[in-house]
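Contents: one structure, followed by commentary.
There are 4 protein chains.
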Amino acid sequence: MLHIFPGDTVRTWTVDAGGVDSKGVRRSLGGNPETGPFYIEGAFPGDTLVVKLNRLRLNRDSAVSGDRIEPSALSPGYIQSTKYDDKFDSNWVLDREKGIARLKQPSERLKNYTVKLQPMLGCIAVAPPGHQAFRTGFLGSYGGNMDYNQIREGTTVYLPVSAPGALLFVGDGHAAQGDGELTGDALETSMQVEFTVNLIKGKSTRNPRAENDDYLMSLGIANSLPEAVQAATTDLANWLQRDYKLEPNEAAIVLGTAIQYNIAEVVDPLVHVVAKISKETLAKLK
Amino acid sequence: MLHIFPGDTVRTWTVDAGGVDSKGVRRSLGGNPETGPFYIEGAFPGDTLVVKLNRLRLNRDSAVSGDRIEPSALSPGYIQSTKYDDKFDSNWVLDREKGIARLKQPSERLKNYTVKLQPMLGCIAVAPPGHQAFRTGFLGSYGGNMDYNQIREGTTVYLPVSAPGALLFVGDGHAAQGDGELTGDALETSMQVEFTVNLIKGKSTRNPRAENDDYLMSLGIANSLPEAVQAATTDLANWLQRDYKLEPNEAAIVLGTAIQYNIAEVVDPLVHVVAKISKETLAKLK
Amino acid sequence: MLHIFPGDTVRTWTVDAGGVDSKGVRRSLGGNPETGPFYIEGAFPGDTLVVKLNRLRLNRDSAVSGDRIEPSALSPGYIQSTKYDDKFDSNWVLDREKGIARLKQPSERLKNYTVKLQPMLGCIAVAPPGHQAFRTGFLGSYGGNMDYNQIREGTTVYLPVSAPGALLFVGDGHAAQGDGELTGDALETSMQVEFTVNLIKGKSTRNPRAENDDYLMSLGIANSLPEAVQAATTDLANWLQRDYKLEPNEAAIVLGTAIQYNIAEVVDPLVHVVAKISKETLAKLK
Amino acid sequence: MLHIFPGDTVRTWTVDAGGVDSKGVRRSLGGNPETGPFYIEGAFPGDTLVVKLNRLRLNRDSAVSGDRIEPSALSPGYIQSTKYDDKFDSNWVLDREKGIARLKQPSERLKNYTVKLQPMLGCIAVAPPGHQAFRTGFLGSYGGNMDYNQIREGTTVYLPVSAPGALLFVGDGHAAQGDGELTGDALETSMQVEFTVNLIKGKSTRNPRAENDDYLMSLGIANSLPEAVQAATTDLANWLQRDYKLEPNEAAIVLGTAIQYNIAEVVDPLVHVVAKISKETLAKLK
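Residue numbers (our numbering), protein chains in the order written: chain A, 1 to 286; chain B, 287 to 572; chain C, 573 to 858; chain D, 859 to 1144.
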């Protein structure tokens, strides 16, 4: 376990969701193996861990994805009638120079199909509350397998600390991913990661948040989509009321006119809806 | 009932959700009064009505919105603890020259708060199937009170025809609206509307779709958010498979890497999630 | 339209869900054709219509049911892997003397399978609010296709009146049905029906209720099961607080120890959960 | 850790959910402290642990319950408008001779209110899969805080083994409980417990099941009520198809006419719906 201090910058790397590194060497079992834990000196329950993702760079030329839509995102009729091809090849070539991914052995119709590389971290977590231990496919108030495609280079993630040292983990890099991680596996690959940690002492929300140059983001993780919408909306309302000193009606006016939702994750053990508000909007609050 | 023909362009106007027109005159009872029906000659069940919104322009300088977040989008704890101010004034001034809205009597913190004007139609509908009659706050396979903020000038809406003549209605204009119509009422106002109708004969999806310069959009309207995600995702997969000749695995690859979701509506009798794919992505399909 | 008066008893009959009567004669189109409307003199919006089902008797020896579980009640994996036999015969013989139903052409394993006859009304409705018109497969605050297997002979149903005369309908008799109407169609058959109507003037709940010798029942009809549980529980709490003068904590104590839930309907356009409390429990309230 | 063998009978006791034993002595922290683990010799992943509850007896004269309905089971309007009395006393006297519970300091309206004693175990669990560790308020495929009021004396519980020795825990005894554990805490008390363990080698369902003299019960534990209904229904269909050799249509016929649902738990981190079928019905299968 690496001990680091608030203000420290860490350069490290992650293996892919299957445990394979940048050289193609299997370094661990599959299932979202993580890099960490990092013990942040001075972090205690009730604090918030601040993780700025300075750099998130691909370090190899291959990825693999799922090739079927998860049934939880489909109507029963589609599930009943659809026949998939078991031999479909969903290996990808990552062309880092051009900034695109393409299928390694594309089917006829996907010969010209390319995806813009937008590396993201599927997993970023601290130790869960109450000494619990979850598999790394899980997500919750402690972060985890959140699979939100805006957790990219330049994004800052806020996580509520539940154990001394916070015990930060990162992993499950995706070269690119649509909303919801619809095929269960995005373009799974290994990565170089550089982040800087900081602490907000004695203040903690019960859920993760994120921030980038353009948005404040409340990450609503819950059992079902309606509950995830409720969690994200409520957190964003509270954020405006506490940090921007808005009254409830004022928060309603701002969110009613300016809230945006992203559906981050529909296929994991819990679902994830993000409520966000632009900094351009916030600049108009006196 | 106005009879029009495929290819016709109609210039008309809508009153606001409360029934008030551009002069401030009450023209009908409130609750999303509609303009129409327009009987499209030659439209029969099994066809698709195509409505291109050529112009959607504000025609007065005032709007009124809700000032409380709908409880269905909030956690029980927030509902229990929040006290709203009954005297909050949520009347808006629409400055059409500058293209912004501002509160008429803003509270201190919202003195500088402005919202970009982005006029949209809350309601666009044909007659529902099976001779049913729903209130205009309702939505469904026939369209209705969909409250999606991308149903704007330049957008084309596709609606499945269930009755001879289709019986097109439009109404419930919003000067601007965040995702989900979170306060129940957006910036409700009257509008000038110009649209062109066309028919796709003998082809019909069971749900509404939309299209603009940038996106194909499957409008998933359902009882609950999980079902709305399923409806929207399934329709978009079917769209790719039928019109772009993709096999199921190929559709999964494309959606897994490029789908985007919008949460259009969380507060109405049914909820509305949009699954969309960019035309830039579609251009890469051979 | 038959005009009747509060206190009147009506003897009538219903065709089956496919429109066939006791003689095997098709009397209407299928899809839950109804008997009615009955115009109850003196019934006005804001009143409650009270319908006591005095007699509900089978009047023929045949029924037909569904033979597949509705996919909405099954996990995706089961849907994907299950192959049904298209030639399965789900016609039933109703042995009214012995009080049992058995398959007409039973498969080997179901040779001895019998079901106790417990006739119930799938549909009982008044006109919906707001001049709306729904198909008879629909259900809602006005009753409708509630498919609750306790709406039997001896049960009293309470329906909120929304139109002058209430406009009572009955139909969709089932000879027997498990919880949830899992196969979409129960043992659909025709019936003799005798009921007595009464009015509670100037009092109305927003949802249907029922009562028999043993239970008070709050019928929670909603878009999703969580909302149906909320509707049913809330109505039963309000019932105890208003009619039994309990304070909120007292209602919580009684419901926490004595509430029972039934899942009445999982396969219709809306779902239906019943919250009930025994009269034995109520007798202990001072 | 006590090592026991298949066929062994264990007599033990549980403290209440707050950690207090039959003498009123606090023996552990609160939050559903458990008795165990019991290491069952010969139990391995892939087996099913069979736990017959021979005796479940109250061993003291007091219990305490919640006195507010959990907001997740209530409509937002009720939550907003309801004022609870903070000083309400929800301590109970357990009269084991008469077999009833009554409030210790009843309010006027609840002076005569009694509840029949029907002791049950809120928690019965084996170690979760994948070396995970959950708080004892959690539930899942491994059992846990299932809070089903039919897990009583005479009931047999089947749990899928995920760790060598199974690691059986019991706890969270309730003197009585309505459906759904609506007040969050039922009549929490300590108990004497006697159970006999057995193993079904090399066979395992992915979810818990139960059985008593009258019913087979599939315990559907999931994130949301619709998913819990799906899990329970699917498991019961599979149970009939595998152990009673029914074809899918036959299973549909039997479940369509005879399934019963219980809503076991609506207030915990996951929800719990039971699908059950009577042994009287099963006796009619050839």
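Every residue gets a Cβ at the ideal spot worked out from N, C-alpha and C, and that includes glycine.
Helix, strand or coil at residue i according to DSSP, with G and I counted as helix
| i | result |
| --- | --- |
| C/Ala-651 | First, the amino acid is wrong: residue 651 of chain C is Ile here, not Ala. Three-state DSSP puts C/Ile-651 in a helix. |
| D/Asp-953 | strand |
| A/Pro-160 | strand |
| C/Ser-713 | coil |
| C/Lys-773 | coil |
| D/Glu-1052 | strand |
| D/Lys-1134 | strand |
| B/Ala-550 | strand |
| D/Leu-932 | coil |
| B/Arg-312 | strand |
| A/Arg-152 | strand |
| D/Arg-1064 | coil |
Residue closest to residue i, alpha-carbon to alpha-carbon, out of the options
| i | options | result |
| --- | --- | --- |
| D/His-861 | D/Ala-875, D/Pro-1066, D/Ala-901 and D/Val-1112 | D/Ala-901 |
| D/Ser-923 | D/Asp-947, D/Ala-931 and D/Val-1129 | D/Asp-947 |
| B/Lys-570 | A/Val-115, A/Trp-13 and A/Ser-22 | A/Val-115 |
| D/Pro-864 | D/Glu-1123, D/Asn-1096, D/Pro-1106 and D/Leu-1026 | D/Leu-1026 |
| B/Leu-407 | B/Pro-414, B/Tyr-434 and B/Asp-381 | B/Tyr-434 |
| A/Lys-276 | A/Ser-218, A/Ser-72, A/Glu-247 and A/Gly-77 | A/Ser-218 |
| A/Thr-155 | A/Asp-172, A/Leu-139 and A/Ile-124 | A/Ile-124 |
| A/Gly-256 | B/Asp-353, B/Tyr-428, B/Phe-324 and B/Leu-315 | B/Asp-353 |
| C/Glu-852 | C/Gln-722, C/Ala-673 and C/Asp-785 | C/Asp-785 |
| B/Glu-383 | B/Tyr-530, B/Leu-532, B/Pro-357 and B/Asp-347 | B/Asp-347 |
| B/Gly-457 | B/Thr-295, B/Val-559, B/Gly-304 and B/Ile-545 | B/Gly-304 |
| B/Ser-448 | B/Tyr-325, B/Gly-316 and B/Asn-318 | B/Tyr-325 |
Residue i: first and last residue of the uninterrupted alpha helix (DSSP H) it sits in
| i | result |
| --- | --- |
| D/Gly-1114 | 1106 to 1116 |
| A/Asp-235 | 225 to 243 |
Local Cβ density within 10 Å of residue i, reported as buried at 16 or more and exposed below that
| i | result |
| --- | --- |
| A/Gln-230 | buried |
| C/Asp-588 | buried |
| D/Arg-1100 | exposed |
| C/Ser-850 | exposed |
| D/His-1032 | buried |
| A/Leu-103 | buried |
| C/Val-597 | exposed |
| A/Ala-251 | buried |
| D/Ala-991 | exposed |
| A/Arg-11 | exposed |
| D/His-1130 | buried |
| C/Glu-837 | buried |
| B/Asn-431 | buried |
Opening and closing residue of the beta strand (DSSP E) in which residue i lies
| i | result |
| --- | --- |
| D/Ser-1144 | Ser is not the amino acid found at residue 1144 of chain D; the sequence shown has Lys there. First-last for D/Lys-1144: undefined, no H or E at that position. |
| B/Pro-323 | 320 to 326 |
| B/Met-503 | 501 to 508 |
| B/Asp-372 | Neither: B/Asp-372 is in no beta strand (DSSP E) and is coded neither H nor E. |
| C/Asp-744 | 740 to 746 |
| A/Val-51 | 48 to 58 |
| B/Gln-463 | Premise fails: B/Gln-463 is in no beta strand (DSSP E) and is neither H nor E. |
| A/Ile-4 | 2 to 4 |
| D/Ala-985 | From DSSP, D/Ala-985 is part of no beta strand (DSSP E); its letter is neither H nor E. |
| B/Thr-475 | B/Thr-475 -> no beta strand (DSSP E), and no H or E assigned at all. |
| A/Arg-209 | 209 to 211 |
| A/Val-64 | 62 to 64 |
| A/Lys-116 | 114 to 116 |
| B/Ile-386 | 386 to 389 |
| A/Arg-11 | 9 to 14 |
Any chance the stretch 221 to 236 of chain A sits against the stretch 369 to 389 of chain B, with 3 or more Cβ pairs inside 8 Å?
no
Quick test of the definition: if touching needs 3 or more C-beta pairs under 8 Å, does the stretch 897 to 911 of chain D touch the stretch 1040 to 1050 of chain D?
no
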